[in-house]
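Trainee:
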Amino acid sequence: MKNTSCLKISIAAMVVTGVWSPRMFDGKPHLQKLYLIYASFFQVFLFGGIILIEFLHLIQVIDDLEETAEVSLLLLTHLAQVAKVMTIWGRQARIKHLLYLLDDPSFDRSEPAKKAILESTCMFAWFVSKFLVASTLFTALMWGVFPMLKPTLTVPLNYPYMTSDSPFFIMMFIYQLTCIVLNALGDTAEDFLVGGLIVLASAQLDVLSFELSHIGQHNDIDINYTEAVNCVKYHMKIISFVNELEAIFGLPVFIQFVASCIVIGLTAFKIVMTNEPIQLLTLVFYLVCILSELLVYCYFGNIIMHKSEVVAAAAYDSGWERTSLPTQRMLLLLMRRAQRPLAMSAGNMFHLSLLTFTAILKSSYSYFAVVRE
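Under the working numbering, the letters of the sequence shown match residues 12 to 384, in that order.
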């Protein structure tokens, strides 16, 4: 099993939604051009089109606070998604290089104990990705089911002057539902791409701690020294990987957090105000999806912070006292660097951690209280 196999669903979804050029097209200019045409069509017609409809709908209901809150949920989500789409398209070569590194021998391990660590993390990430995709698809489909249960059938987003007796009604209904479902799938895939890369980096820290804990078990001082040097190099590669990941995704993640903070407050407001059971269920699932995506960022970010701190303890718990002075100096160098937690930040504004997740919930509640008043 490859380390990046847990990202298969995300990558497949991004290929479908015109965000990710398939690996099989690499080195084939004619296929890359065809995919670029498809991706441009998708982004303009199916992504840009639904954003335009949401803007038109917002203008139409701007005097109605409850309706404004409802349309703003999708609009803000899609505007935050624009930043992620642009980032993935513009920095795709750098992202693919990170994926290559994870499957490269420098980050992969063939020894059973180390391989088990990597596979365990990969299986956990695979389960999380399936949960996110399933909940997202269900919620997106509910946006289409709810209008069907109203006394008067409407499209998911009330396009100006579009009534059920219009000859274009069915086409608009199918178009909007298709856009909502596919873009929701793409948004989840883009979020999990970042979260998956973070948690896979944390697995590398587990392997590093395992290797450090076994230093000093050999009688040959040269072997111990070589292992210590390799651990220092391995640690620096992990740090470089996380720094590159932050440099690529820091800004879009920050935009996602700001948008989600507002969306959570608006969703809570809409839940309190609605009397429709199906719409209530849809909004609850939508809230669960938003919270789950944020939790993926924050929980995985928290994991990598914690595991980076464990590295220093693993070095200290090794058999360093049975090693040579140069080996001990190497371990000391690693421990001093490991005392600074390795953390992912969003736009250099705040770290991805459970404390940040709690702060977002508090801010969302404050926004909800203001809107409700």
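Where is the CB? At the ideal position from N, CA and C, for every residue including glycine.
All values reported here derive from a predicted model rather than from experimental measurement.
1) Would a C-beta distance cut-off of 7 Å place Val264 and Ala195 closer than the cut-off?
2) Would you kindly work out how many angstroms separate the C-alpha atoms of Asn359 and Ile232, rounded to a whole number?
3) Use the C-beta contact count for Thr369: other C-beta atoms within 10 angstroms, 16 or more gives buried, fewer gives exposed.
4) Do you know whose CA, among Ser220, Asn14, Thr285, lies nearest Lys126's CA?
5) Between the alpha carbons of Leu18 and Phe138, how many angstroms are there, rounded?
6) Output yes or no for whether 7 Å exceeds the beta carbon distance between Arg120 and Val218.
7) If you drop the 5 nearest sequence neighbours on each side, which residues of the same chain put their C-beta closer than 7 Å to that of Leu208?
8) Going by the beta-carbon positions, is the gap between Met316 and Ala354 smaller than 7 Å?
9) Under three-state DSSP, which class holds Ala145?
10) What are the boundary residues of the alpha helix (DSSP H) that includes Ile226?
11) Taking Thr237 as the reference, which of His89, Leu42, Thr334 has the closest Cα?
12) Which residue or residues does DSSP assign as beta-bridge partners of His362?
13) Please report the distance separating the alpha-carbon of Ile249 from that of Gly312.
14) What does a CB cutoff of less than 6 Å around Cys272 pick up in its chain, not counting 5 residues either side in sequence?
15) Candidates Pro40, Val205, Phe252, Glu201: which alpha carbon is nearest Thr28's?
16) Leaving aside the five residues before and after Gln267 along the sequence, list all residues of the same chain whose C-beta is less than 6 Å from its C-beta, in chain order.
17) Look at Ala323 and Ser224 and say whether their C-beta atoms are less than 7 Å apart.
18) Apart from the five residues on each side of it in sequence, which residues of its chain come closer than 7 Å, Cβ to Cβ, to Gly330?
19) Between Pro337 and the rest of its own chain, which residues show a CB-CB distance below 7 Å, the 5 nearest in sequence each way excluded?
20) In whole angstroms, give me the CA-to-CA distance for Leu86 and His362.
21) Closer than 7 Å by C-beta to Val295: which residues in its own chain qualify, once you throw out the five before and the five after it? Chain order, please.
22) Which residues in the same chain have their Cβ closer than 7 Å to the Cβ of Leu345, if we skip the five residues on either side of it in sequence?
23) Count the other C-beta atoms from every protein chain shown that fall within 10 angstroms of the C-beta of Lys95, then say buried if there are 16 or more, exposed otherwise.
24) Check whether the Cβ atoms of Ser364 and Leu204 lie closer than 7 Å to each other.
25) Can you tell which of Ile64, Met97, Glu222 has its C-alpha closest to the C-alpha of Leu188?
26) Less than 8 Å between the CB atoms is what I'm expecting for Ala279 and Leu342, so what's the real figure, rounded?
27) Out of Met284, Ile289, Gln215, which has the shortest C-alpha to C-alpha gap to Lys318?
28) What is the DSSP secondary structure of Val192, counted as helix, strand or coil?
Mentor: This is what the structure holds:
1) Cβ distance not < 7 Å, so Val264 and Ala195 don't count as in contact.
2) Separation of Asn359 and Ile232 (C-alpha to C-alpha, rounded to the nearest whole angstrom) is 42 Å.
3) exposed
4) Residue Asn14 is the option with its Cα nearest to Lys126.
5) 11 Å
6) A Cβ-Cβ contact shorter than 7 Å links Arg120 with Val218.
7) Leu109, Leu256
8) yes
9) helix
10) Where Ile226 is concerned, there is no enclosing alpha helix (DSSP H), given that its DSSP letter is neither H nor E.
11) Thr334
12) As DSSP reads the structure, His362 sits in a beta bridge with Ser356.
13) 14 Å
14) In chain order, Ile371, Ser374, Ser375 place their CB closer than 6 Å to the CB of Cys272, counting only its own chain and leaving out the 5 sequence neighbours on each side.
15) Glu201
16) Excluding positions up to five away in sequence, the list reads Ala91.
17) No, the pair does not count as a contact, with Cβ atoms beyond the cut-off.
18) Within its own chain, the residues whose Cβ lies closer than 7 Å to the Cβ of Gly330, once the five positions on either side in sequence are excluded, are Ile226, Gly227, Gln228, listed in chain order.
19) Tyr236
20) 26 Å
21) Ile282
22) Here the set comprises Cys242, Val243, His246, Ala326.
23) buried
24) no
25) Ile64
26) About 50 Å separates the two Cβ atoms, so there is no contact after all.
27) Gln215
28) helix
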